[in-house]
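Report on the following structure.
In this note's numbering, the protein residues as written are 29 to 175.
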């Protein structure tokens, strides 16, 4: 459930509680999103609350539109890290020193981008296919970006 507060008199002073005590003149709406999830095994209800701010006025983004924008943002935000963690096991990696973590993450991102550019809808499935066909994997890398 999403609530949006679009009171210019209140929202314009939202930043005054911060260390710089400056108002946020372009802040149009403050949003509160409450999520409820029922655990499939225990039946226990988990409730989380998140907050957001936006410069979009209610005439451009009502509560329904704000919710769609919020979901779209997190869908994009969660897509790459989820694939890197679940498919590549990034959180279990023992690569932790120097520039190695950034280098390996960049390689993983490159592989994901190449597979998506080639039309893969399942990165895990495409990796399994490529593992069994090394020539296909080499061709994918060698011809990246070349029509």
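In this text, a Cβ means the ideal position worked out from N, Cα and C, and glycines have one as well.
With contact defined as three or more Cβ pairs closer than 8 Å, the stretch 91 to 98 and the stretch 50 to 64 are in contact.
Residue 31 has its alpha-carbon roughly 15 Å from the corresponding atom of residue 64. Around the Cβ of residue 150, a 10 Å sphere holds fewer than 16 other Cβ atoms; the residue is exposed. Non-local beta-carbon contacts of residue 114 in its own chain, meaning distances under 6 Å to residues more than five positions away in sequence, are absent. Residue 97 and residue 83 have their C-alpha atoms spaced approximately 13 Å apart. The shortest CA-to-CA distance from residue 116 to any of 138, 81, 33, 35 is the one to 138. Uninterrupted alpha helix (DSSP H) stretches at least 4 residues long and entirely within the stretch 125 to 172 occur at 128 to 145, 151 to 160, 162 to 170, given in chain order.
In this structure, the beta-carbon distance from residue 136 to residue 112 falls below 8 Å. Looking at the DSSP output, residue 64 sits in a beta bridge with 75. In the DSSP secondary-structure assignment, residue 95 is not bridged to any residue.
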